[in-house]
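Down below is the structure, laid out as structure tokens.
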Amino acid sequence: MTHTPNSETDTAPEEIRWQDVLSPEEFSVLRQGGTERPFTGEYVDTTTVGMYQCRACGADLFPSDTKFSSHCGWPSFYAPLAEDRVRYIRDTSMGMERVEVRCANCDSHMGHLFEGEGYNTPTDLRYCINSISLKLNDGEGGADSTGRSDSAEGEE
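Using this note's numbering, the first residue of the sequence shown is number 4, and each one after it goes up by one.
What follows is the structure in structure tokens.
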């Protein structure tokens, strides 16, 4: 996927900071608009109850009760927690017109939004989101499946 620089967020010091806190794979997807390979992400088939958060900044984005099985290779949701949690950008890369979904808090790339595909959901929308862009908070205050804990960040 081609990355289109965002003059508001693509300042060298800001991106260097992201490189320091994200793995190379996370940085590629979250900050450069890449895509993980289908059916390889940790949350493709997850049915755990909780809140899916932005892996970069921790903002709550998608409740697990909006996740559905679309068999597309990436986690799919029919709605964000609230419209102000994500922002939308017209994406004409890849020879087609799509809608990119980004975290409204930190402007990280999440995935794409598709509509009118006929899924039996309340919105007929499919937020096709990279697993690597998310972390699942299961509400038990512990680490998600990546081993990260919100309460233990920066502590040894």
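The C-beta atom is built at its ideal place from N, Cα and C for all residues, glycine as well.
Problem set entry | Own chain residues within Cβ distance below 8 Å of GLY1, not counting five before or after | Only positions 4 to 159 of the chain appear in the structure, and residue 1 is not among them; the question remains open.
For this session: Identify whether ARG84 lies in helix, strand or coil by the three-state DSSP scheme.
Result: For clarity, residue 84 is Leu in the given sequence; the question names Arg instead. LEU84 falls in the coil class under three-state DSSP.
Problem set entry | Anticipated Cβ contact below 8 Å, SER79 with TYR130, distance rounded | 7 Å
For this session: Could you check what DSSP says for PRO66 in three-state terms: helix, strand or coil?
Result: strand
Exercise. Any idea if HIS115 is buried or exposed, counting beta-carbon neighbours within 10 angstroms, 16 or more meaning buried?
Worked result: buried
For this session: Please report how far the alpha carbon of HIS74 lies from the alpha carbon of SER134, in whole angstroms.
Result: 14 Å
For this session: Identify the continuous beta strand (DSSP E) that holds LEU137 and give its terminal residues.
Result: Unbroken beta strand (DSSP E) run through LEU137: 137 to 140.
For this session: Have a look at GLU29 and GLY121 and give me their C-alpha separation to the nearest angstrom.
Result: 31 Å
For this session: Under 8 Å by Cβ, that's how I've got VAL89 and MET113 pegged, so tell me the actual separation to the nearest angstrom.
Result: 7 Å
For this session: Take ALA82 as the anchor and find which of ALA59, LYS70 and GLY142 has the nearest alpha-carbon.
Result: LYS70
Exercise. In chain order, what residues of the same chain lie with their CB nearer than 8 Å to the CB of PRO16, ignoring the 5 residues before and after it?
Worked result: Apart from sequence neighbours up to five positions away, no residue of its chain approaches PRO16 with a beta-carbon distance below 8 Å.
Problem set entry | Cut-off 6 Å between Cβ atoms - residues of its own chain near ASP48, not counting five sequence neighbours on either side | none
Exercise. Should ALA59 be labelled buried (16 or more other beta-carbon atoms within 10 Å of its own) or exposed?
Worked result: With 16 or more Cβ atoms within 10 Å of its Cβ, ALA59 is classed as buried.
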